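Asks:
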Amino acid sequence: MDAQLIRYDEMCRAIDAAYDVDEVADIRDKTLAIELYMRQQRNTEAERRACEIRLRAERKLGKLLRDVDRTQGQRTDREISSRIATKSFRDHLEEHGISKDQAYCWQQLAAVPDAQFESALAAPEKPSRSGIIGPRLKVDPMDPRALWLWGRLRDFEREELLSAEPMELFEKMTEAMQADVRRLVPLVVGWLEELTHHDD
Amino acid sequence: MMTDAQKLRELLSGIYGGRSGEIRISPAWLATEAMASLDPTHATPALIYRAAHMQFRQLVRSLCRQGFEEDGECSEQHAVFPGLQARYPAAHSQDAEPEYVQFEHLTDRDVEFNVNRLRSEGRAKQAHADKLEAWDRDRVWKRTEAA
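Structure below.
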């Protein structure tokens with residue numbers, strides 16, 4: 001067994017044995033840094049190993065955070081991991097810079113049956129969280145052209161063009177620039193006109 | 001075998017990774033940590049130490065400017081506006097060394113600071129490109145007129 005494999009097994013055991021969010025969050029952060037570094041180095045084998053450890057750590061974090069979540073507001077005389085109960089769910093999130101979305105995803109990962117999780121890690125393709133728990137409701141990314149149009153319309157305000165005299169600006173252009181403006185303005189005005197018909 | 005540059009990057013990635021959960025990261029502090037691990041007795045001549053520290057700060061800033069880690073798939077905001085960074089510099093005066101703040105923890109002032117900074121950089125480049133293109137258009141126009 002080579003050194004890397006031993007280290008991998010050690011990390012997996014450490015994650016299994018851990019019962020403290022701080023401990024597992026630390027492993028997860030370090031493994032993520034290694035994963036990103038290995039990706040930069042194009043070392044796909046090491047990147048995959050790091051990815052597997054990260055997913056195990058995230059699954060464990062999901063379990064621990066779920067326990068913290070459940071203990072909030074419950075009786076405290078029971079011995080449900082007193083170390084966990086000392087901090088609130090929100091404390092853990094803030095302390096480790098974990099977003100609510102991440103906590104939600106990791107808790108979903110924790111809910112996946114062991115066999116399903118292990119078989120996803122053993123699959124030939126690189127495992128991913130969305131591959132294991134299924135993709136979240138897809139949200140379309142902003143169309144860059146829509147973003148551009150919004151930004152440039154806002155520029156008219158920012159640059160105070162709306163209070164400037166258009167002909168004054170036009171006269172300051174070279175002949176070639178004026179020719180472009182003459183050609184484009186009717187097209188742009190016609191196109192923008194469509195937006196003025198939008199009513200809601 | 002790893003090159004020296006790779007070793008340095010790995011050292012810094014390790015230090016950065018250990019602190020990646022922190023809301024605020026100071027590139028200067030991380031650079032000092034890296035220097036302390038490379039040169040614990042502070043034997044490096046002052047000017048060389050300073051140059052190395054500056055280079056480390058630059059490397060940390062580039063790590064901070066990276067996009068979202070894979071957790072991005074968990075963030076709806078990221079899904080709508082892909083390309084946002086995981087951290088941005090906190091609002092700071094021009095001569096101060098900025099800390100980098102996690103995206104989710106940016107204050108209104110931090111956001112305004114970064115929007116103005118990026119817009120100003122973008123505006124300067126846009127104006128440069130427009131000038132060059134207008135000059136070229138004018139040149140072609142005059143050439144056509146003369147022909």
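Chains W and U supply the protein sequences, listed in that same order.
Take the first sequence: its position 198, counting from 1, is numbered 198 in our numbering, and each next residue is one higher.
Take the second sequence: its position 65, counting from 1, is numbered 65 in our numbering, and each next residue is one higher.
Cβ coordinates follow ideal geometry from the N, Cα and C atoms, glycine included.
If you're wondering where the values come from, they're calculated on a predicted model, not measured in any experiment.
Is there a C-beta anywhere in chain W that falls below 8 angstroms from the one on Ala-129(U)?
Replies: On the second sequence, residue 129(U) is found 129 positions in, with the first residue counted as 1. Ala-129(U) does not count as touching chain W.
Asks: I believe Ile-23(U) touches Gln-102(U) by the beta-carbon criterion, under 8 angstroms. Please report the beta-carbon distance rounded to the nearest angstrom.
Replies: Position 23 of the second sequence, counted from the start, is the residue given in the question as residue 23(U). Position 102 of the second sequence, counted from the start, is the residue given in the question as residue 102(U). Between Gln-102(U) and Ile-23(U) the Cβ distance is about 5 angstroms, and since that is below 8 angstroms, they are a contact.
Asks: For Phe-81(U), go through chain W and note every residue whose CB falls closer than 9 angstroms to its CB, in chain order.
Replies: By 1-based counting over the second sequence, the position of residue 81(U) is 81. Per Cβ cutoff of 9 angstroms: Pro-141, Met-142, Leu-147.
Asks: Please confirm whether Glu-33(U) has its beta-carbon closer than 8 angstroms to some beta-carbon of chain W.
Replies: Residue numbering aside, residue 33(U) sits at position 33 when the second sequence is read from its first letter. It does not; no Cβ of chain W falls within 8 angstroms.
Asks: Quick one: what's got a C-beta closer than 6 angstroms to Gly-62(W)'s C-beta in the same chain, skipping five residues either side?
Replies: Locating residue 62(W) in the first sequence gives position 62, where the first residue counts as 1. Correct list, in chain order: Trp-106, Gln-107, Leu-109, Ala-110.
Asks: Check whether the Cβ of Ile-34(W) lies closer than 8 angstroms to any Cβ atom in chain U.
Replies: Numbered from its first residue, the first sequence carries residue 34(W) at position 34. So yes, Ile-34(W) belongs to the interface.
Asks: In terms of residue numbering, what span does the beta strand (DSSP E) encompassing Pro-89(U) cover?
Replies: Your numbering for residue 89(U) matches position 89 in the second sequence. Segment 87 to 89, the beta strand (DSSP E) holding Pro-89(U).
Asks: Could you say if the segment 176 to 184 of chain W and the segment 16 to 36 of chain U meet the contact criterion of at least three C-beta pairs nearer than 8 angstroms?
Replies: No: fewer than three Cβ pairs fall under 8 angstroms.
Asks: For the segment 87 to 120 of chain U, enumerate the residues whose C-beta is nearer than 7 angstroms to any C-beta of chain W, in chain order.
Replies: The residues in question are Gln-102, Glu-104.
Asks: Assuming the contact rule is C-beta atoms closer than 8 angstroms, Ala-96(U) and Phe-113(U) should be a hit. Round their C-beta distance to whole Å, please.
Replies: One-based indexing of the second sequence puts residue 96(U) at position 96. One-based indexing of the second sequence puts residue 113(U) at position 113. With 8 angstroms as the limit, Ala-96(U) and Phe-113(U) do not qualify as a contact, their Cβ atoms being about 12 angstroms apart.
Asks: If you measure between the beta carbons of Thr-174(W) and Asp-136(U), is that distance less than 8 angstroms?
Replies: As a working note, residue 174(W) is residue 174 in the first sequence. As a working note, residue 136(U) is residue 136 in the second sequence. It is not a contact, given that the beta carbons lie outside the stated cut-off.
Asks: Per DSSP, which one or two residues make a beta bridge with Tyr-100(U)?
Replies: Residue numbering aside, residue 100(U) sits at position 100 when the second sequence is read from its first letter. Bridge partners of Tyr-100(U): Ile-25(U), Pro-89(U).
Asks: Within 8 angstroms, do at least three Cβ pairs link the segment 51 to 58 of chain W to the segment 86 to 94 of chain W?
Replies: As far as the Cβ criterion goes, the segment 86 to 94 of chain W does not touch the segment 51 to 58 of chain W, which means the pair count is below three.
Asks: Can you confirm whether Arg-65(U), when its beta carbon is compared against all beta carbons of chain W, has any partner nearer than 8 angstroms?
Replies: One-based indexing of the second sequence puts residue 65(U) at position 65. No, no contact with chain W.
Asks: Which bits of chain W does Asp-138(U) rub up against, with CB to CB less than 9 angstroms?
Replies: On the second sequence, residue 138(U) is found 138 positions in, with the first residue counted as 1. Simply Thr-174, Glu-175, Ala-176, Met-177.
Asks: For the segment 83 to 103 of chain W, enumerate the residues whose C-beta is nearer than 8 angstroms to any C-beta of chain U, in chain order.
Replies: Against chain U - using a Cβ distance shorter than 8 angstroms - the residues of the segment 83 to 103 of chain W are Glu-94, Glu-95, His-96, Gly-97, Ile-98, Ser-99, Asp-101, Gln-102.
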